[in-house]
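First residue of the sequence shown? That's 370 in my numbering, and the numbers climb one at a time after it.
Backbone N, C-alpha and C define an ideal beta-carbon position, used for all residues, glycine too.
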Amino acid sequence: MIETLTIFGRRALAALRGFTPGQITAIVIGFLALIAAAVLLFRLSAAPMTPLYSNLTSEDAVAISQELDAQGTSYEMSAGGTQILVAPEDVSQARLAVSAAGLPADSNSGYSLLDEQGMTTSEFMQNVTFQRALEGELASTIEGIDGVRSANVLLAIPEDSVFTQSSDKPSGSVLVVMGGGQMLNGEQVQAVTNLVASSVPGLMADDVTVTDSSGVLLSGGGATGAASVEQGRRLEASLIDSAQTMLDKVLGPGLSTVSVNADLDFDQRSTKTQQYQYPEELPALNGQTTTETYTSTDNSASDGPVLGDPPQVIGEGTTADAQSDYEKTTSTQTNPIDSTITERVGAPGDIRRLTVAVLVDTAVPAETYGEVEALVANAVGLDVERGDAIQVAQVAFDTSAAEAAAEAAAAAEAAEQSAMLWNIGRQAGIALLVVAIMVLGALSLRRQRRTLLDMEALESRGPSETVLLERLDETGQPVYASVGAGESEEEGDEEDELPTYIQSPGSATYDSLKDFATKEPEQVARVLKTWMSS
């Protein structure tokens with residue numbers, strides 16, 4: 370065994386000595402490239418890892434990793450140690466094992482706080498613990514929204530007591546920390562405010578403040594103005610898109626531009642209307658008629674004037690007869706009456722006024738201005754009675770920026786294609802280089818193997834054998850002619866003299882032998898040394 374290893378080592382060393390430094394470098398580079406390709410292929414063929422838990426605290430991450438180590442499940446940590454990844458086929462088993470161990474052990478929030486109360490807990494501590502539990506549950510619920518990494522909820526709930534008449538209203542605040550550069554949109558903010566308001570008795574959505582980790586107020590207080598501006602911008606963008614799309618189809622792309630300014634009314638109004646209707650076809654419910662008649666006769670003498678009458682001549686006295694009649698009729702009737710009460714609450718955001726400006730290029734005929742104005746007015750819903758206005762003007766458009774942008778886009782596309790082709794060429798070149806290195810290495814090993822076989826053949830010959838270099842074959846390898854020891858001495862004497870085609874300096878065999886000695890001096894020296902030692 371030792372002799373075999375020695376022979377193998379000697380052959381390998383001899384083969385290595387036969388390589389030039391460039392060949393050795395190429396073989397090493399090819400070997401390293403093969404290793405890198407194998408590693409890359411192994412990484413690409415490996416199954417992707419699936420998140421087991423995300424947004425973990427440091428304590429939970431350490432405990433879960435220890436449990437997975439104890440179970441012998443391979444895992445990876447990512448997202449700064451807050452996420453644990455496992456193989457897809459190990460997700461269910463790993464979650465069962467981790468849950469059986471009571472992990473994640475986040476017992477510092479939520480209704481789990483109520484489990485720690487004792488029999489001697491005061492009413493104040495019970496109220497505080499319940500409020501903390503409610504805040505924790507709300508925070509956990511908000512963290513379930515897509516994009517929210519963590520949330521913190523604070524509630525201000527006034528004390529409810531029969532001995533006090535507090536007029537304070539509950540309020541709440543929410544701090545959200547987003548992940549991956551995401552932001553809450555308007556619908557998500559509204560969902561958060563409604564979620565918190567619905568969980569606390571007496572809490573209105575307007576009394577809930579939502580803030581992100583950068584200090585931007587998303588809802589509540591001063592966020593109303595920002596929301597109003599955002600709503601106006603969305604309306605303007607929608608109207609502009611509608612009108613611009615129509616003009617691009619009618620006039621052509623790049624020949625017109627539309628600008629819309631929307632003045633919105635965010636005042637809240639409530640209107641209550643009550644209408645009464647008398648159905649004439651229905652009879653009266655009830656009725657009452659009262660008649661009062663009065664008749665009187667008065668005979669009296671007038672002895673003189675009455676105070677306030679004009680002056681009269683006083684005579685001896687006169688007599689007169691006076692009679693008066695009085696009649697009064699009162700009728701009361703109760704009729705059936707229908708009553709309709711209508712209450713209308715106007716939602717904020719109604720359009721108060723729209724102003725539209727349309728610019729067209731000089732390539733558009735002036736005769737089409739009227740049609741353009743009418744089309745845009747209908748597209749944006751213009752109302753003249755509301756005070757809306759539209760203006761169409763013609764200007765020469767500057768197309769240099771568009772042309773520069775088109776050229777830049779074309780250059781970017783060409784650069785991208787060039788980079789793609791260069792990448793493909795580079796990968797193909799690397800592959801060809803690896804193949805060439807492997808082919809050259811195989812050819813060198815084959816040539817060295819032949820040389821070693823020839824050397825072994827020379828070393829194995831006895832001292833009585835005569836070895837002659839007869840010619841070089843088509844691959845450049847020497848072909849030997851020998852006279853064995855068993856031949857007759859007479860024949861051997863005849864062969865002592867070298868053939869003339871070897872001795873002649875001008876022969877092809879002589880030149881080949883000389884060229885071989887020039888290219889492979891070490892091998893020729895070893896052959897001569899073997900001959901001399903034999």
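query, result
"Short Cβ contact (7 Å threshold) for V761 with A612", "no"
"At least 3 beta-carbon pairs within less than 8 Å: the region 396-405 vs the region 419-434", "no"
"Own chain, CB closer than 6 Å to E856, minus 5 neighbours either side, in chain order", "Below a pLDDT of 50, predicted positions are generally treated as unreliable, and E856, at 44, falls in that range; no measurement from the model is reported."
"S509: first and last residue of the uninterrupted alpha helix (DSSP H) it sits in", "E492 to I511"
"Cβ pair Q702, A653 closer than 7 Å", "yes"
"Bridge partners - K883, DSSP secondary structure assignment", "Per DSSP, none; premise fails for K883."
"Local conformation of Q786 per DSSP, three classes", "helix"
"Spatial distance of T887 from T375 (CA atoms)", "30 Å"
"Residue interval of the alpha helix (DSSP H) (run including I433)", "S427 to Q440"
"Terminal residues of the alpha helix (DSSP H) in which A748 lies", "Y738 to V749"
"C-alpha distance - S625 paired with D576, whole-angstrom precision", "46 Å"
"A502 versus G623: straight-line alpha-carbon distance, rounded", "60 Å"
"Beta-carbon spacing of G541, V565 below 7 Å", "yes"
"Endpoints, the alpha helix (DSSP H) within which N563 is located", "G555 to S568"
"Exposed unless 16 or more other CB atoms sit within 10 angstroms - verdict on I710", "exposed"
"V682, buried or exposed, once every other Cβ within 10 Å from all chains shown has been counted against 16", "Its pLDDT being 48, under 50, V682 is placed unreliably in this model, and the coordinates cannot settle the point."
"Under the three-state DSSP convention, the category I453 falls into", "strand"
"Buried or exposed by the 16-neighbour rule on C-beta atoms within 10 Å, applied to T659", "exposed"
"Contact between the region 643-652 and the region 707-727 (3+ Cβ pairs under 8 Å)", "yes"
"Backbone secondary structure at N792 - three-state DSSP", "helix"
"Buried or exposed by the 16-neighbour rule on C-beta atoms within 10 Å, applied to E504", "buried"
"Distance CB(V569)-CB(P539) smaller than 7 Å", "yes"
"Alpha-carbon to alpha-carbon, T580 and I514", "15 Å"
"Which of helix, strand or coil DSSP assigns to A406", "helix"
"Endpoints, the alpha helix (DSSP H) within which A469 is located", "V460 to A469"
"Reduced DSSP secondary structure (H/G/I, E/B, other) of R722", "strand"
"Continuous beta strand (DSSP E) stretch holding P734: start and end", "Here P734 belongs to no beta strand (DSSP E), and DSSP marks it neither H nor E."
"When P457, G601 and N655 are compared against A631, the one with the closest alpha-carbon", "G601"
"Local conformation of L654 per DSSP, three classes", "coil"
"Assigned exposure category for S461 - 16 Cβ within 10 Å defines buried", "exposed"
"Backbone secondary structure at S769 - three-state DSSP", "helix"
"Own chain partners of V714 with C-beta closer than 6 Å, once the 5 adjacent residues on each side are dropped", "S639"
"Simplified DSSP state of A670, which is helix, strand or coil", "Residue placement at A670 cannot be trusted, given a pLDDT of 46 that sits under 50; the coordinates are not used to answer."
"Cβ-Cβ separation, A525 to I511 (assumed contact under 8 Å), whole Å", "Not really, about 18 Å apart at Cβ, beyond 8 Å."
"P457 versus I806: straight-line alpha-carbon distance, rounded", "40 Å"
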